[in-house]
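Engineer:
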Amino acid sequence: MENGTHYRTCHLCEAMCGVAIDVRGGAITSIRGDDNDPLSKGYICPKAVALQDLHEDPDRLRKPVRRVGDRWQDMEWEDALDLVADRLHEIRNKYGPDSLGVYLGNPNVHNQGTLMAIMPFLQALDTRNRFSATSNDQLPHMLANLKMFGHQILFPIPDIDRTDLFICIGANPMASNGSLMTVPDFRGRLKALQKRGGKMVVIDPRRTETGRLADQFHFIRPGTDALLLMAMVHTLFDENLADPGRARHWIRDMERLERAALPFSPEKVSAHTGMDPDTIRRLARQLAGTPRAALYTRMGTSTQAFGGIATWLAYCLNIITGKMDSTGGLMFTQPAIDLVVLGGLYGQQGHFGERHSRVRGLPEFGDEYPCSTMADEILTPGEGQVRGFVTVAGNPVLSSPNGGRLDEAFDGLDFMVSVDYYLNETTRHADVILPPTAALERSHYELIFPMLGVRNTARYSPPLFDAGPDSRNDWQILLGLAHRLERRHKGGRLPLQEELGWRTLRKLGPDPLLDLMLRSGPYGTGGGPLRPLAQPAIELIRNILPPGNPLRELASLSGLNRQWQALPKGLSLKSLKENPSGVDLGPLRPCLPERLFTRDRKIHLAPRLYLDDLPRLHRLLQTTPDSDALQMIGRRHLRSNNSWMHNSRRLVKGKNRCTLMIHPDDAARCGLAAGDQALVSSETGSIVLPVEITGDIMPGVVSAPHGWGHDREGIRQSVASHHAGASLNDVLRDQQVDELCGTSVLNGQPVGVKVYQPGKTRKRA
Ligand SMILES: Nc1nc2c(c(=O)[nH]1)N[C@H]1C(S)=C(S)[C@@H](COP(=O)(O)OP(=O)(O)OC[C@H]3O[C@@H](n4cnc5c(=O)[nH]c(N)nc54)[C@H](O)[C@@H]3O)O[C@H]1N2
Ligand SMILES: Nc1nc2c(c(=O)[nH]1)N[C@H]1C(S)=C(S)[C@@H](COP(=O)(O)OP(=O)(O)OC[C@H]3O[C@@H](n4cnc5c(=O)[nH]c(N)nc54)[C@H](O)[C@@H]3O)O[C@H]1N2
Ligand code: SF4
Ligand SMILES: [Mo]
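Just so we're aligned, residue 0 is where the sequence shown starts under numbering that gives the first Met the number 0, counting upward by one.
1. Quick one: residues with CB closer than 6 Å to any heavy atom of ligand 3, in chain order, please.
2. For residue 84, which residues of its own chain have a beta-carbon under 7 Å away from its beta-carbon, when the five flanking residues on both sides are left out?
3. Tell me the DSSP bridge mates of residue 464?
4. Out of curiosity, what's the CA-to-CA distance linking residue 232 and residue 347?
5. Can you tell me whether residue 376 is buried or exposed? The criterion is at least 16 other CB atoms within 10 Å of its CB, across all chains shown.
6. Mapping DSSP to helix, strand and coil, what is residue 315?
7. Classify residue 29 as helix, strand or coil using the three-state DSSP reduction.
8. The alpha helix (DSSP H) that contains residue 355, what's its start and end?
9. Quick one: give me the first and last residue of the alpha helix (DSSP H) that residue 621 is part of.
10. Taking buried to mean at least 16 other C-beta atoms within 10 Å of its own C-beta, is residue 53 buried or exposed?
11. Beta carbon of residue 137: closer than 8 Å to some heavy atom of ligand 4?
12. May I ask whether a heavy atom of ligand 4 can be found less than 8 Å away from the beta carbon of residue 132?
13. Residue 751 bridges to which residues according to DSSP?
14. Closer than 8 Å: is that where the CB of residue 452 sits relative to any heavy atom of ligand 2?
15. Could you give the distance in angstroms between the alpha-carbon of residue 282 and the alpha-carbon of residue 135?
16. Counting C-beta neighbours from all protein chains within 10 Å, is the total for residue 450 16 or more, i.e. buried, or is it exposed?
17. Residue 586: which of 385, 596, 324, 676 sits nearest, CA to CA?
18. So, with DSSP's three-state summary, where would you put residue 367?
19. Tell me which residues share the same chain as residue 388 and place their Cβ nearer than 8 Å to its Cβ, disregarding the 5 neighbours each side in the sequence.
20. Contact check, residue 140 vs residue 154 under 8 Å by CB: the rounded distance?
21. Which residues bound the beta strand (DSSP E) around residue 431?
22. Quick one: grab the DSSP three-state call for residue 417.
23. Alpha carbon to alpha carbon, how far is residue 171 from residue 161? Give it in angstroms, no decimals.
24. If we ignore side chains and look at the alpha-carbon of each, how far apart do residue 532 and residue 447 end up?
25. For residue 175 and residue 230, which I take to be in contact (beta-carbon distance under 8 Å), what is that distance rounded to the nearest angstrom?
26. If residue 218 and residue 368 are in contact, beta carbons under 8 Å, what's the gap, nearest whole angstrom?
27. Could you pull the start and end residues of the beta strand (DSSP E) that residue 145 belongs to?
28. State the DSSP-derived secondary structure class of residue 412, mapped to helix, strand or coil.
29. Checking 9 Å against the spacing of the C-beta atoms, do residue 631 and residue 727 come in under that value?
30. Flag this pair as touching only if the segment 352–362 and the segment 336–343 have three or more C-beta atom pairs under 8 Å; answer yes or no.
31. Taking the beta carbon of residue 457 as the centre, do at least 16 other beta carbons fall within 10 Å, making it buried, or is it exposed?
32. Any heavy atom of ligand 1 inside 8 Å of the beta-carbon of residue 298?
33. When you measure from the CB of residue 647 to every non-hydrogen atom of ligand 4, does any distance come out below 8 Å?
34. Does residue 458 come out as helix, strand or coil in the three-state DSSP assignment?
35. Give the DSSP bridge partners of residue 335, in chain order.
36. Give a yes or no on whether the C-beta atoms belonging to residue 395 and residue 425 are separated by under 9 Å.
Written out as structure tokens, the structure reads:
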């Protein structure tokens, strides 16, 4: 690659920072923030250097490998793809389609090629046993989007740059750089908020990096947010403060919500949440009384026993105080490639609970079963048992609860293939590993995260380095496998038309499709695709046809089309290439009710599914908290990212971050002193962690990060192995899920903690 500065989007987390990468003599010499990026404006975090470290990492696999006995053998691409297709097809032939399973990990959402190729690939796999990181993450948000707004990816985003009150519950954007809120430089934006007289309130069982910058901080007992939020709803109605503002025309079932909240007074929930009734009342009043305010929740409230209800109520609170779709409140994005609209066109608004998993009867969401039951489906004999497995960009052994059981499950498969760069805790179980082209050798356009941005922007990055002839992109691997599988399923040959379709797709690759989507998108050179449709005809269609009917969905988009016409035009791949630092498409704008996808084009405040789950919340109020058990919560660190960035020497250097945080009172009770090792256990397993005694954590609560535990045998990550840590998911139970929706409970599980005495206590190998 030429010497000089290359501009690019960092794809490592949700923040989408613009980076300027200097290259000299074919090597990276520095990575800086790109001052001209309209969203990140020069900000980057310490992880950006990992772009280089990952690229140069000698441990990163460059060629397909297959396991022969205890060794790994290099393979040629065509042989590897043939072998994988043969084996998967064989299993399917013998045991039926559901005998194949697939897990899609987090980095897929940063990969435009994968996003393009994944549908054909999943169709070719043709199994109902699909899993992804969603059920360890944002599923409750997507469910609330679906049930309340009619579309699973219609995410409301805090308008942080214009808000005067940011209530942040169960999120730590100072470490995570934001999630379901693409917000590079959270600290800078917070400073600006505070400078204009605004306030941030943080509610968390740990006084986090974000909590420390808050104007008000409150501890809350893990897993009780649904109670707090109910009591806030209760207060708003009780004190006559509920006023949805202009939303009153397009919301329904407010009385049902009021009735549901009636039993949950601040006094009733106080002991369970650990928050005093006055604080809860004040919070509700503060939200109602600040015209520009946003209440935001994330991992801590979503991956817990009441994640479904809590996420629903958080949206409700914004709506009944007039903050939804309102400047400075929670708003909707209008990205250059509008996947909400595209999904709507193809009837992909989402679905939930249409099928249930074989072993535990857990509900599907968007055609995926919860990760917490992945091991069950592999280990439990019977018809439909999973015997062949595919992982794509995922490390579920470290990222899903009860990783030890997943080790056992993957070990017993007839065949496993992983599309991944690394020989890690999960891929070590594979028979074949297919490593894709390095990230800096592919073009990059974020399809998902502009939907979550605090501002509308678009940015395209061409490949920085040339990919050698012997490398395959994720999309090429997935399409290559899909095509082969289809051929095998159909007896070796495809009709000419289909064959041509595959060839065209393979020839085109993601960039021409990207161009097409940009041009036909809201800001595109071509204008809106629906411009010619006549409004009255559209309304008519909308009112007669049932939801899901493609014509009706087209009609739903007509209102959007009107909004599209007001937007600046001219976007194409060419125009993005001419603006290597990206283009600004402006602040978030109100766009309801047109952007709603519910049949009546109203926000549903009290979907049945949530009301039906309320008896469980009532039962929570009747239980007395167990004062002996400690509750485990998760933690993220700015210099780490899930399980896969611990092989960068620059990121792991410094003091060990894989520690158990514990309150001084609890430490004393457990006989733990600074410098001790603690044995953390549950019936699932136990791990050993150095203790970090701190008053920043609530008494009764302990915290540990996930994604560590690189001491498992057979991995090839030399740096990570030296900074192994232990895997939190070896202790968390896979049998505990949010019963409403099947999301894993990653926060609030009870654990035992005591001093670790080598020799006396056994640690998981
Ligand atoms: N540096 C870094 N950045 C990342 C990642 C990373 O691993 N490292 N991961 C990325 C990914 S995949 C995601 S999904 C996002 C996540 O982004 P965030 O949700 O912002 O990240 P977390 O740090 O998990 O924040 C969860 C917070 O919830 C708190 N919490 C735990 N239990 C409860 C509870 O019951 N109630 C309440 N109110 N709070 C609770 C925890 O103490 C923690 O502060 O971060 C992304 N960004
Ligand atoms: N206890 C606990 N568990 C958690 C969480 C928690 O807060 N607490 N957080 C959960 C969350 S929010 C998430 S998102 C999940 C993440 O869980 P996963 O997605 O399962 O795991 P990651 O650690 O992100 O691993 C990503 C894998 O993708 C590979 N990879 C990276 N880039 C690419 C690429 O471009 N192509 C391909 N083919 N492979 C690539 C990496 O080598 C790595 O093996 O973890 C979840 N697990
Ligand atoms: S916050 Fe860090 S990891 Fe995330 S996009 Fe920006 S530079 Fe990359
Ligand atoms: Mo995530």
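Beta carbons: idealized from backbone N, C-alpha and C, even for Gly.
Structural biologist: To lay it out plainly:
1. 9, 11, 12, 14, 15, 16, 43, 44, 46, 47, 176, 183
2. The sequence position of residue 84 within the sequence shown is 85, counting from 1. Annotation for residue 84: 480, 483, 484, 487 place their beta carbon closer than 7 Å to its own, counting only its chain and skipping 5 residues before and after.
3. In the sequence shown, residue 464 corresponds to position 465, counting from 1. Bridge partners of residue 464: none, in fact.
4. Here residue 232 is taken as the residue at index 233 of the sequence shown, counted from 1. Here residue 347 is taken as the residue at index 348 of the sequence shown, counted from 1. Looking at the two C-alpha atoms, the distance is approximately 32 Å.
5. In the sequence shown, the residue the question calls residue 376 occupies position 377. Per the 10 Å Cβ criterion, buried.
6. Translated into the one-based positions of the sequence shown, residue 315 becomes position 316. If DSSP states are grouped into helix, strand and coil, residue 315 belongs with the helices.
7. Your numbering for residue 29 matches position 30 in the sequence shown. Residue state, collapsed to three classes: strand.
8. For the purposes of this step, residue 355 is taken as the residue at position 356 of the sequence shown. It is not in any alpha helix (DSSP H) - residue 355 instead sits in the beta strand (DSSP E) that spans 351–355.
9. Within the sequence shown, numbered from 1, the residue matching residue 621 stands at position 622. Its alpha helix (DSSP H) spans residues 607–621.
10. By one-based count along the sequence shown, residue 53 stands at place 54. Counting Cβ neighbours within 10 Å, residue 53 comes out buried, since at least 16 surround it.
11. Working through the sequence shown from its first residue, we reach residue 137 at position 138. True, at least one ligand heavy atom lies under 8 Å from that Cβ.
12. Start at 1 with the first residue of the sequence shown, and residue 132 comes out as number 133. It does: the Cβ of residue 132 is within 8 Å (strictly closer) of some heavy atom of ligand 4.
13. Indexing the sequence shown from 1 puts residue 751 at position 752. Answer is 680, bridged to residue 751.
14. By one-based count along the sequence shown, residue 452 stands at place 453. Between ligand 2 and residue 452, a heavy atom-to-CB distance of less than 8 Å is absent.
15. Along the sequence shown, read from residue 1 onward, the residue named residue 282 stands at position 283. Along the sequence shown, read from residue 1 onward, the residue named residue 135 stands at position 136. Roughly 29 Å between the two C-alpha positions.
16. Position 451 of the sequence shown, counting from 1, holds the residue named residue 450. It counts as buried.
17. For this step, residue 586 is matched to residue 587 along the sequence shown. Checking every option, the nearest Cα to that of residue 586 belongs to 324.
18. In the sequence shown, the residue the question calls residue 367 occupies position 368. Residue state, collapsed to three classes: strand.
19. The residue given as residue 388 occupies position 389 in the sequence shown. Result list for residue 388: 99, 100, 101, 102, 377, 409, 412, 414, 415, 416, in chain order.
20. On the sequence shown, residue 140 is found 141 positions in, with the first residue counted as 1. On the sequence shown, residue 154 is found 155 positions in, with the first residue counted as 1. With a Cβ gap of about 7 Å, residue 140 and residue 154 count as contacting.
21. Stepping through the sequence shown from its first residue, residue 431 is reached at position 432. Counting along the chain, the beta strand (DSSP E) containing residue 431 begins and ends at 431–433.
22. Residue numbering aside, residue 417 sits at position 418 when the sequence shown is read from its first letter. Residue 417: strand per DSSP, three-state reduction.
23. On the sequence shown, position 162 is the one that residue 161 refers to. On the sequence shown, position 172 is the one that residue 171 refers to. Spanning the two alpha carbons is a distance of roughly 20 Å.
24. As a working mapping, residue 532 is identified with position 533 in the sequence shown. As a working mapping, residue 447 is identified with position 448 in the sequence shown. Low local confidence applies: a pLDDT of 45 at residue 532 is under 50, so the model's placement there is unreliable, with the coordinate-based value given in what follows. Approximately 28 Å, taken between the alpha carbons.
25. What you label residue 175 is simply residue 176 of the sequence shown in a count that begins at 1. What you label residue 230 is simply residue 231 of the sequence shown in a count that begins at 1. With a Cβ gap of about 27 Å, residue 175 and residue 230 do not count as contacting.
26. Counting from 1 along the sequence shown, the entry for residue 218 is found at position 219. Counting from 1 along the sequence shown, the entry for residue 368 is found at position 369. The C-beta separation of residue 218 from residue 368 comes to about 35 Å, leaving the pair out of contact by the 8 Å criterion.
27. Within the sequence shown, residue 145 is the residue found at index 146, counting from 1. Residue 145 -> no beta strand (DSSP E), and no H or E assigned at all.
28. For the purposes of this step, residue 412 is taken as residue 413 along the sequence shown, with counting starting at 1. DSSP places residue 412 in coil when its eight states are reduced to three.
29. For the purposes of this step, residue 631 is taken as the residue at position 632 of the sequence shown. For the purposes of this step, residue 727 is taken as the residue at position 728 of the sequence shown. A contact, by the Cβ cut-off of 9 Å.
30. In short, these stretches do not touch, since the Cβ pair count stays below three.
31. As a working note, residue 457 is residue 458 in the sequence shown. Counting Cβ neighbours within 10 Å, residue 457 comes out buried, since at least 16 surround it.
32. Position 299 of the sequence shown, counted from the start, is the residue given in the question as residue 298. Yes, the beta carbon of residue 298 sits closer than 8 Å to at least one heavy atom of ligand 1.
33. Against the sequence shown, residue 647 aligns to sequence position 648. False, no ligand heavy atom lies under 8 Å from that Cβ.
34. Translated into positions along the sequence shown, residue 458 becomes position 459. Correct three-state label for residue 458: coil.
35. As a working mapping, residue 335 is identified with position 336 in the sequence shown. Answer by DSSP bridge pairing: none, since residue 335 is not bridged.
36. If you number the sequence shown from 1, residue 395 lands on position 396. If you number the sequence shown from 1, residue 425 lands on position 426. It is a contact, given that the beta carbons lie within the stated cut-off.
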